[in-house]
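Novice:
Number of protein chains: 2
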Amino acid sequence: MDPLPTLKWMGDSLRLLDQRELPVNEVYIDCGDVDSLASAIRTLAVRGAPAIGIAAAYGAVLAAITTDSGSGFREGFLVKLDKLSGTRPTAVNLFHCIEIQREVFRKTGTREDAIVLLLESADNLLREDLDASRSMGCYGAELLEPDSTVLTHCNAGGLATAGLGTALAIIYEAWDRGLIRKVYADETRPLLQGARLTSWELIRTGIPVDVLPDSAAASLIRDGRIDAVIVGSDRVAANGDIANKIGTYSLALAASKHGVPFYVAAPLSTFDQATDTGAEIIIEQRGREELSTLGDRQLLPPEAGFWNPAFDVTPAELITAIICEKGIVSPISSKTVADVHSRVDMFL
Amino acid sequence: MDPLPTLKWMGDSLRLLDQRELPVNEVYIDCGDVDSLASAIRTLAVRGAPAIGIAAAYGAVLAAITTDSGSGFREGFLVKLDKLSGTRPTAVNLFHCIEIQREVFRKTGTREDAIVLLLESADNLLREDLDASRSMGCYGAELLEPDSTVLTHCNAGGLATAGLGTALAIIYEAWDRGLIRKVYADETRPLLQGARLTSWELIRTGIPVDVLPDSAAASLIRDGRIDAVIVGSDRVAANGDIANKIGTYSLALAASKHGVPFYVAAPLSTFDQATDTGAEIIIEQRGREELSTLGDRQLLPPEAGFWNPAFDVTPAELITAIICEKGIVSPISSKTVADVHSRVDMFL
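Those sequence lines, one after another, are chains A and B.
Here the working numbering is used: the first residue of the first sequence is 21, the next is one more, and so on.
Here the working numbering is used: the first residue of the second sequence is 21, the next is one more, and so on.
1. Is there at least one Cβ from chain A nearer than 8 Å to aspartate 254 of chain B's Cβ?
2. What residue does the beta strand (DSSP E) around alanine 60 of chain A start on, and which one ends it?
3. Just confirm the distance between the C-beta atoms of leucine 114 of chain A and isoleucine 72 of chain A, as a whole number of angstroms; I'd bet it's less than 8 Å.
4. According to a CB-to-CB cut-off of less than 7 Å, which residues of the region 210 to 227 of chain B neighbour chain A?
5. Looking at the secondary structure, which residues open and close the alpha helix (DSSP H) in which asparagine 264 of chain A lies?
6. Residue range of the beta strand (DSSP E) that arginine 245 of chain B falls in?
7. Give me whichever residues DSSP pairs with leucine 232 of chain B in a beta bridge.
8. Closer than 8 Å, CB to CB, is glutamate 207 of chain B near chain A or not?
9. Report all residues from its chain with a CB closer than 6 Å to the CB of isoleucine 262 of chain B; omit the five preceding and five following residues, and keep chain order.
10. Tell me whether the beta-carbon of arginine 209 of chain B lies closer than 8 Å to the beta-carbon of proline 233 of chain A.
11. Starting from the beta carbon of phenylalanine 326 of chain A, find every residue of chain B whose beta carbon is closer than 8 Å, and list them in chain order.
12. For the alpha helix (DSSP H) that leucine 114 of chain B lies in, which residues bound it at each end?
13. Using a beta-carbon distance below 8 Å, is isoleucine 200 of chain A in contact with chain B?
14. Would you mind telling me which residues of chain A sit closer than 8 Å to isoleucine 33 of chain B, beta carbon to beta carbon, in chain order?
15. According to DSSP, tryptophan 29 of chain A sits in a beta bridge with which residue or residues?
16. Do the region 143 to 154 of chain A and the region 231 to 248 of chain A make contact, defined as three or more Cβ pairs closer than 8 Å?
17. Within a Cβ cutoff of 8 Å, which residues of the same chain sit near leucine 288 of chain A, ignoring the five residues on either side of it in sequence?
18. Which residues mark the beginning and the end of the beta strand (DSSP E) in which arginine 255 of chain B is found?
19. Taking the alpha helix (DSSP H) that isoleucine 74 of chain B falls in, what are its first and last residues?
20. For tyrosine 269 of chain A, would you say it is in contact with chain B, using Cβ-to-Cβ distances shorter than 8 Å as the test?
21. Within 10 angstroms of the Cβ of alanine 272 of chain B, are there 16 or more other Cβ atoms? Answer buried if so, exposed if not.
22. From this set, A:Ala258, A:Ile191, A:Arg197 and A:Thr86, which residue's C-alpha is nearest valine 229 of chain A's C-alpha?
23. Work out the CA separation of glutamine 121 of chain A and arginine 131 of chain A for me, nearest whole Å.
24. Is any beta-carbon of chain A found at less than 8 Å from that of valine 44 of chain B?
25. Starting from threonine 268 of chain B, trace the alpha helix (DSSP H) both ways and give me its first and last residue.
26. Using three-state DSSP, classify aspartate 365 of chain A as helix, strand or coil.
27. Would you check if the distance between the CB atom of phenylalanine 326 of chain A and the CB atom of isoleucine 266 of chain A is smaller than 8 Å?
28. Run through the DSSP bridge pairs and tell me what phenylalanine 282 of chain A is partnered with.
29. Is there at least one Cβ from chain A nearer than 8 Å to aspartate 365 of chain B's Cβ?
30. Counting only beta-carbon atoms, is serine 353 of chain B nearer than 8 Å to chain A?
31. What does the Cβ neighbour count give for aspartate 206 of chain B, buried or exposed, with the cut at 16 atoms within 10 Å?
32. With a cut-off of 8 Å on the beta carbons, I'd call cysteine 174 of chain A and glycine 226 of chain A a contact; round off their distance for me.
33. Would you decide whether serine 91 of chain B is buried or exposed? Buried here means 16 or more other CB atoms lie within 10 Å of its CB.
34. To the nearest angstrom, how far is it from the Cα of serine 141 of chain A to the Cα of tryptophan 220 of chain A?
35. Could you spell out the range, first to last residue, of the beta strand (DSSP E) harbouring aspartate 332 of chain A?
36. Who pairs with alanine 341 of chain A in a beta bridge, going by DSSP?
In structure tokens form, the structure reads like this:
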């Protein structure tokens with residue numbers, strides 16, 4: 021299938037699908053300079069760690085295009101690059117992609133030279149992301165039986181990446197092969213990425229989707245209506261424990277209890293060999309406003325406390341397989357995770 | 021502790037705490053006739069099966085007060101009683117309480133006589149509900165250790181009953197005994213009874229409460245931060261399986277996995293000996309709008325399907341104890357459930 025129009029280079033601007041408007045409106049914004057792109061990243065017009073990173077890589081091209089050549093060029097460019105770095109504090113891909121572009125820039129001479137090479141580098145990052153998605157899609161689709169009904173959580177889709185996603189890349193490939201009957205998408209409180217974004221992506225591709233409250237997933241699994249659970253991942257520890265959007269652990273418990281395979285799609289960029297187990301992963305705590313308000317509605321009394329972790333950890337023993345762009349890790353152990361990781365070292 | 025001001029007879033009207041306005045405003049409405057009370061029930065100003073039943077019982081008093089004496093009195097009264105029956109389709113307590121009042125009315129002579137006896141009967145129903153809550157509170161509090169942090173789901177509280185609740189009755193009693201450190205309340209999508217109502221109740225009583233997304237409960241339990249889970253129940257089958265608000269089964273799985281006691285507060289009115297197991301319980305499916313909109317926000321694409329069950333079934337083997345007004349059922353089996361049930365038959 022074709023990538024979603026999450027981001028697209030238009031020759032002199034970066035066109036972004038404005039995710040703040042989804043699922044109600046499909047609106048695009050063209051960012052022709054670093055200020056407008058930085059604002060788009062900061063205000064979540066584009067979100068998802070891989071998508072933000074690639075957007076920032078194109079932002080470096082905009083930085084070069086919009087800085088006058090001459091004696092102030094190199095300094096002016098670097099000031100704009102720093103502005104992109106300051107947009108979001110946590111997404112590691114953002115800093116990673118900006119460092120790549122800083123390195124490219126260091127080796128260039130003229131402004132024209134820089135524009136060409138930065139664009140080439142950004143295009144490469146985009147292509148690598150799409151290739152990884154396609155590869156995960158192919159490996160993952162092999163695991164599904166015909167006529168499968170699958171359950172997913174949050175948005176591990178094209179909207180969070182260059183256009184094809186991780187967990188949803190598998191679903192897209194399986195759909196193309198005629199293996200998918202239907203997808204259930206957890207709405208994914210508090211930010212409702214499943215309700216707003218995953219359902220929008222799937223509908224756009226023609227895949228039937230039912231959205232459910234997160235808390236209803238366990239009885240759906242118990243009722244025998246789910247053939248496989250497929251989720252994304254934010255980090256894979258050396259022992260195969262994974263951190264992913266809050267609620268993933270609950271799904272894994274229910275899937276394990278009822279013998280339903282639990283698959284994790286994780287590009288190698290999320291493998292972290294420096295973290296021994298999931299217990300070492302620091303879980304980001306999010307703000308109160310995500311639970312207390314929605315649109316014009318106040319949902320909590322002012323005096324109520326809150327607990328709003330962004331992620332949880334699912335232990336390796338509950339995971340049937342981890343699917344990355346170099347293959348399938350199963351059964352999961354420190355050895356099989358290290359093996360796939362060393363495969364990268366060999367190839368990259 | 022004192023009952024919440026869920027409903028109160030004011031001499032010639034029924035005063036209701038308007039739950040539609042919670043948690044933002046504490047507003048009361050006085051219903052002086054059957055039409056205004058029927059509208060309050062229909063539009064969820066008062067909700068929770070026991071609370072609706074008792075409100076309707078007082079509605080019968082209003083029906084008598086607002087019908088002229090004379091030859092048309094008895095017929096006029098019964099027309100108004102039927103209007104109350106038609107307010108909500110599913111809550112069995114509504115029909116049960118109306119039948120009790122119909123029976124009381126049948127035995128009365130004059131209009132004045134009817135008013136006195138209907139009011140006495142409504143007061144009895146209110147008192148019985150409060151007595152059952154207090155009794156469940158005392159039995160349940162015995163199960164908790166000092167300095168307990170407990171997790172609850174949905175609103176099994178004073179707002180759903182005559183003022184003291186079921187699961188929350190236990191928490192209130194344990195709080196009075198100094199056993200409660202803190203309560204975690206699942207927000208309980210889609211209608212957010214935990215966020216809006218349970219937190220409001222607990223804060224009003226001075227009990228510290230943190231609200232969390234439903235999907236975060238499993239990792240809270242895994243982290244060892246919960247000493248007991250306490251939930252309500254909508255139906256108890258003969259084998260001890262229970263139906264309760266969607267999400268209860270997920271909590272029970274996580275509690276069982278991590279060795280945390282899982283308690284169900286269930287007044288005997290919810291025991292159903294005619295239902296052998298949880299598999300026989302019909303699960304009500306709710307509408308799409310609960311998932312698709314909230315206030316001014318549209319959360320789903322128009323083409324997205326949905327799955328929105330109101331309840332799920334938790335099997336007896338995951339339940340540590342069922343607490344009713346006649347005692348504690350534990351371990352749970354068809355025999356221990358039947359024993360507690362026969363105790364009712366003896367005493368009532």
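Yeah, the Cβ is synthetic: ideal placement off N, Cα and C, and Gly gets one too.
Since this is a predicted model, take the numbers as computed values, not measurements.
Specialist: Quick answer:
1. Chain A contact via Cβ: absent.
2. Unbroken run through alanine 60 of chain A is the alpha helix (DSSP H), 54 to 62; no beta strand (DSSP E).
3. That belief holds up - the Cβ atoms of leucine 114 of chain A and isoleucine 72 of chain A are roughly 5 Å apart, short of 8 Å.
4. Interface annotation for the region 210 to 227 of chain B against chain A: Pro210, Leu212, Ala215, Arg216, Ser219, Trp220 and Ile223, criterion Cβ-Cβ distance under 7 Å.
5. Element bounds for asparagine 264 of chain A: not the alpha helix (DSSP H) but the beta strand (DSSP E), 262 to 265.
6. Where arginine 245 of chain B is concerned, there is no enclosing beta strand (DSSP E), given that its DSSP letter is neither H nor E.
7. Paired residues: B:Asp206.
8. Yes - at least one Cβ of chain A is within 8 Å of the one on glutamate 207 of chain B.
9. Around isoleucine 262 of chain B: Ser253, Val256, Val284 and Thr334.
10. A contact, by the Cβ cut-off of 8 Å.
11. Result: Asp230, Val231 and Leu232.
12. Annotation for leucine 114 of chain B: the continuous alpha helix (DSSP H) segment containing it runs 112 to 126.
13. Chain B, which has no Cβ nearer than 8 Å to the Cβ of isoleucine 200 of chain A, makes this no.
14. Residue identity differs from the one stated: residue 33 of chain B is serine in this sequence, not isoleucine. Ordered by position in chain A, no residue passes the 8 Å Cβ test against serine 33 of chain B, which lies about 27 Å from the chain.
15. DSSP, once it has assigned bridges, lists A:Leu34 as partnering tryptophan 29 of chain A.
16. Counting Cβ pairs under 8 Å, fewer than three are found: no touch.
17. Within the same chain, leucine 288 of chain A has close Cβ partners Ala152, Cys344, Glu345, Lys346, Val360, His361 and Val364.
18. For arginine 255 of chain B, the uninterrupted beta strand (DSSP E) run begins and ends at 255 to 257, by DSSP.
19. It spans 69 to 85 - the alpha helix (DSSP H) in which isoleucine 74 of chain B sits, taken as one unbroken run.
20. Judged by the 8 Å Cβ criterion, tyrosine 269 of chain A is in contact with chain B.
21. With 16 or more other Cβ atoms within 10 Å, it is buried.
22. Ranked by Cα distance from valine 229 of chain A, the options A:Ala258, A:Ile191, A:Arg197 and A:Thr86 are led by A:Ile191.
23. Taking the straight line from one Cα to the other gives about 14 Å.
24. Residue contact with chain A for valine 44 of chain B: present (Cβ-Cβ distance below 8 Å to some residue of chain A).
25. That run of the alpha helix (DSSP H) goes 268 to 277.
26. Its pLDDT being 48, under 50, aspartate 365 of chain A is placed unreliably by the model, and the measurement read from it follows with that caveat. Correct three-state label for aspartate 365 of chain A: helix.
27. Not a contact, by the Cβ cut-off of 8 Å.
28. Answer by DSSP bridge pairing, in chain order: A:Val249.
29. Unreliable placement is indicated for aspartate 365 of chain B, whose pLDDT of 48 sits below 50; the coordinate value is still reported in the next sentence. Chain A, which has no Cβ nearer than 8 Å to the Cβ of aspartate 365 of chain B, makes this no.
30. Not an interface residue.
31. Buried.
32. With 8 Å as the limit, cysteine 174 of chain A and glycine 226 of chain A do not qualify as a contact, their Cβ atoms being about 21 Å apart.
33. For serine 91 of chain B, the number of other beta carbons within 10 angstroms of its own is below 16, and it is reported as exposed.
34. Rounded to whole angstroms, serine 141 of chain A and tryptophan 220 of chain A show a C-alpha spacing of 30 Å.
35. From DSSP, the beta strand (DSSP E) with aspartate 332 of chain A extends over 331 to 334.
36. DSSP lists A:Tyr283 as partners of alanine 341 of chain A.
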